[in-house]
Amino acid sequence: MPVEIAHFHVAGGHGTAFAARKGDRIRILDLEGQQALDFVAVAAGDVSEGLSTIETRRALGSLYIKTGDTLYSSRRRPMLRVESDTIGVHDYSIPACDSSRYEVDFGAPGHRNCLDNMFEPMRALGLTSPLQVPEPFNFFQNSPVVEDGRTGVVDPPSRPGDYIVLECLMDVVCGVSSCPQDIIPGNGLVPSSLQIDVIAGGA
Ligand SMILES: [Zn+2]
Numbered sequence: 269m270p271v272e273i274a275h276f277h278v279a280g281g282h283g284t285a286f287a288a289r290k291g292d293r294i295r296i297l298d299l300e301g302q303q304a305l306d307f308v309a310v311a312a313g314d315v316s317e318g319l320s321t322i323e324t325r326r327a328l329g330s331l332y333i334k335t336g337d338t339l340y341s342s343r344r345r346p347m348l349r350v351e352s353d354t355i356g357v358h359d360y361s362i363p364a365c366d367s368s369r370y371e372v373d374f375g376a377p378g379h380r381n382c383l384d385n386m387f388e389p390m391r392a393l394g395l396t397s398p399l400q401v402p403e404p405f406n407f408f409q410n411s412p413v414v415e416d417g418r419t420g421v422v423d424p425p426s427r428p429g430d431y432i433v434l435e436c437l438m439d440v441v442c443g444v445s446s447c448p449q450d451i452i453p454g455n456g457l458v459p460s461s462l463q464i465d466v467i468a469g470g471a
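Each step along the sequence shown adds one to the number in this note's numbering, with nothing skipped, and position 132 is 400.
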C-alpha cells in the first residue's frame, strides 16, 4: 500500500522545497485549475547536478514531454520519469519568472516571482546561490509553438484536480513555485494553489 511521506499545500503565487528519495513518487496537483507551476530539482548532496531542460530536450528530441519520458540531469543521468499525467500540456522551454522579469518588462519591482519562490526554501536544503537553481520544467504551463516557429504563453487548459506524477530515479531536492504571474495570461490572471505529495516507492 502506498505510503505518503510528505504533503504540501502551496498557496497561489508561493513556493516550497522538499527532498525525495530514489523510488519515491512526487504527485503534483493543480487544485483550482489553470495554474502553471515551475519545478526544479538538484541531486541530493550535489547541487552542481541539476535537472536539465536542454539535456532532456536533446534526449527526447521533442519540445514536449509525455507519460513514460525520462527527464535527465546536467550530467546526462536519468533523474525523474513521468509516471502519469492527466493533462499532457507542459512546457520546458521558458525560463522561470524572476525579479527582473517584473521590473524590466512590467514596471512592477518587488513582485513575487518563481525564482525566489524556489530558491528561498531550497537554501535550507543546501543551495547557496540563485545561480544553482536549474532552468525549470513548467508543468501545466501552456506554451504552444505555432507553424512559423513562434511561441508564447497562454492560459493552461488544466482543470481542478489535474495532476502529474514523477518517479524519482535518484535522491533529489526539489523546488516548486505556483507561478505568481498575474499581469499577463499564463495562470488565468489569478495565481492559485497546488498540492504536492511525496509517496514512498510503489504508488
Ligand atoms: Zn513564474
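Glycine is no exception: its CB is placed at the ideal position from the N, C-alpha and C atoms.
Beta carbon of residue i nearer than 9 Å to that of residue j
i      : j      : result
Asp298 : Pro377 : no
Glu403 : Gly283 : no
Gly281 : Arg380 : yes
Arg345 : Ala312 : no
Ser460 : Glu300 : yes
Asp465 : Ala274 : yes
Cys382 : Asp359 : no
Leu399 : Val441 : no
Ala364 : Val315 : no
Gly420 : Ser411 : yes
Distance cut-off 8 Å: residue i Cβ against heavy atoms of ligand 1
i      : result
Cys436 : no
Ser397 : no
Ser460 : no
Pro448 : yes
Ser260 : Only positions 269 to 471 of the chain appear in the structure, and residue 260 is not among them; the question remains open.
Asp465 : no
Asn410 : no
Ala304 : yes
Ala285 : no
Cys382 : yes
Cys365 : yes
Delimiting residues of the alpha helix (DSSP H) encompassing residue i
i      : result
Glu371 : 367-374
Ala324 : First, the amino acid is wrong: residue 324 is Thr here, not Ala. First-last of the alpha helix (DSSP H) with Thr324: 321-328.
Range covered by the beta strand (DSSP E) that runs through residue i
i      : result
Arg349 : 346-353
Pro381 : What sits at residue 381 in the sequence shown is Asn, not Pro. Per DSSP, Asn381 belongs to no beta strand (DSSP E) and is neither H nor E.
Leu339 : 338-340
Ala274 : 272-278
Gly283 : 283-288
Arg295 : 293-298
Val458 : Unbroken run through Val458: none, as it is neither H nor E.
Val308 : 305-311
Ile362 : Neither: Ile362 is in no beta strand (DSSP E) and is coded neither H nor E.
For the structure I just gave you, are there three or more beta carbon pairs, one from the segment 286-306 and one from the segment 399-408, closer than 8 Å?
yes
Using a Cβ distance threshold of 8 Å, determine whether the segment 425-436 contacts the segment 349-365, with at least three qualifying pairs required.
yes
Just to confirm the assignment: which complete beta strand (DSSP E) runs, minimum length 3, are found wholly within the segment 397-421?
405-407
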